[in-house]
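In this note's numbering, the protein residues as written are 1221 to 1502.
Ideal Cβ positions, reconstructed from N, Cα and C, are used throughout, including at glycine.
Working notes, beginning with the structure itself.
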Amino acid sequence: MNRLSTAKKVAVVSALVEGCSVRSTSRLTGVAKGTILRLLESVGRACANYQDTAIRNVAAKRVQIDEIWSFVGAKQKHVTPEMAARWFAGDVWTFAAIEAQTKLVLSWLVGLRDAGCATDFMQDVAGRLANRIQLTTDGHKMYLTAVEDAFGGDIDYSMLVKLYGSSGDGETRYSPAKCLGCIPQPVTGDPDPKHVSTSYVERQNLTMRMNIRRFTRLTNAFSKKVENHAHSVALFYMHYNFARIHQSLRVTPAMEAGIAQHVWSIQDIVTLADPALAVRAA
């Protein structure tokens, strides 16, 4: 990986953030699969560290939270005892918190869909905020304790409980259940009913599925190692927050939130993992 030119590194990362798989990135750039994975690890780790430091003391107003499903190695029902003994395999969920006005993703966590991960995630979200917020989550009960532990009563919190039914087309394997309606349920404080919504974070979930090949359904591009899965998510959010201009904002979410002064390039992102590149570029 150290022998790659800056241009090659930029080409590899550009392909990855645009939704290419590791193998297709290798075909497009001529870089070996192992080298791509090592670059992903280096850049992904640097992106996670940078955002952990930069996204702090955010003056947010309305935050929406959701989880998106994927899997590592195999779907949960196909995980054998031998696989489980050798490495992590099975269903994995990515929690994400988005600020509705700036579209900034404040925090994310790759883990299990359980109370432990929900609590860790909510405490991380709380630690990045500068003020009281209005929060909306789905109706999963794990959030009740997690939000209480993280915020106490210093929050305006509401759940949005969705009612699902059959898709109606006779196809149950590939068609999602049809949403029949949503019921807002205030939990803590005085949440404004007009802003009880998870639409922005759900739209962000779609962007993840379109721009991270590992999240694409019905392919063989799924993650084989949970560490690489986490690195891909960190790289995606670095690009989403700092390098991708949001159409409705005309700037990046980080610029709108006041934590960045310019649109980041892919080379800027690559430089996070190798500061010497910035010195040579200067």
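Point to revise | Paired residues, beta bridge with LEU1383 - DSSP | key: Looking at the DSSP assignment, LEU1383 forms a beta bridge with GLY1401.
Review point. Out of VAL1330, LYS1297, LYS1445 and GLN1487, which has the shortest C-alpha to C-alpha gap to PHE1462?
Key: Of the listed residues, the one whose Cα sits closest to PHE1462 is GLN1487.
Practice item. Would you mind giving the Cβ-Cβ distance between ALA1317 and SER1327, rounded to the nearest angstrom? I have them listed as a contact below 8 Å. Key: Between ALA1317 and SER1327, the beta carbon gap of about 5 Å places them in contact (Cβ cut-off 8 Å).
**Study point:** Contact the region 1307-1322 vs the region 1284-1292: 3+ CB pairs below 8 Å
**Key:** Here the region 1307-1322 lies against the region 1284-1292, with 3 or more beta-carbon pairs under 8 Å apart.
Point to revise | Segment contact, 8 Å Cβ cut-off, at least three pairs: the region 1266-1280 with the region 1337-1357 | key: As far as the Cβ criterion goes, the region 1266-1280 touches the region 1337-1357, which means the pair count is three or higher.
Practice item. Determine the extent of the beta strand (DSSP E) in which ARG1282 is found, giving its start and end residues. Key: Taken as a continuous stretch (DSSP letters only), the beta strand (DSSP E) holding ARG1282 covers 1282-1292.
Practice item. Kindly confirm or deny that the region 1231-1247 and the region 1417-1433 touch, where touching means at least three C-beta pairs closer than 8 Å. Key: Result yes; three or more Cβ-Cβ pairs closer than 8 Å.
Exercise for review: Leaving aside the five residues before and after ALA1441 along the sequence, list all residues of the same chain whose C-beta is less than 7 Å from its C-beta, in chain order.
Suggested key: The answer, listed in chain order, is SER1241, ARG1433 and ARG1434.
Point to revise | Endpoints, the alpha helix (DSSP H) within which GLN1343 is located | key: Counting along the chain, the alpha helix (DSSP H) containing GLN1343 begins and ends at 1335-1346.
Exercise for review: Could you tell me which residues DSSP puts in a beta bridge with TYR1460?
Suggested key: DSSP lists no partner for TYR1460.
Exercise for review: Could you tell me whether the Cβ atoms of GLU1261 and HIS1451 are closer together than 7 Å?
Suggested key: Contact: yes.
Exercise for review: Give me the Cα-Cα distance between GLY1264 and PRO1495, rounded to the nearest whole angstrom.
Suggested key: Approximately 14 Å between the Cα atoms of the pair.
Check your understanding: Whose C-beta lies closer than 7 Å to the C-beta of THR1357 among residues of the same chain, with five residues either side of it excluded?
Key -> Excluding positions up to five away in sequence, the list reads ILE1285, TYR1363 and MET1379.
Practice item. State the DSSP-derived secondary structure class of GLN1354, mapped to helix, strand or coil. Key: The answer is strand: DSSP assigns GLN1354 an E or B state.
Exercise for review: Pull up the distance between the alpha-carbon of PRO1411 and that of GLU1368, whole angstroms please.
Suggested key: Approximately 15 Å between the Cα atoms of the pair.
Review point. Between the beta-carbon of SER1443 and the beta-carbon of VAL1292, is there less than 7 Å?
Key: In this structure, SER1443 sits near VAL1292, with a CB-CB distance shorter than 7 Å.
Review point. Considering only the beta carbon of each residue, do ALA1338 and ALA1370 sit closer than 7 Å?
Key: Not a contact, by the Cβ cut-off of 7 Å.
Check your understanding: What residue does the alpha helix (DSSP H) around VAL1471 start on, and which one ends it?
Key -> DSSP places VAL1471 in no alpha helix (DSSP H); its state is neither H nor E.
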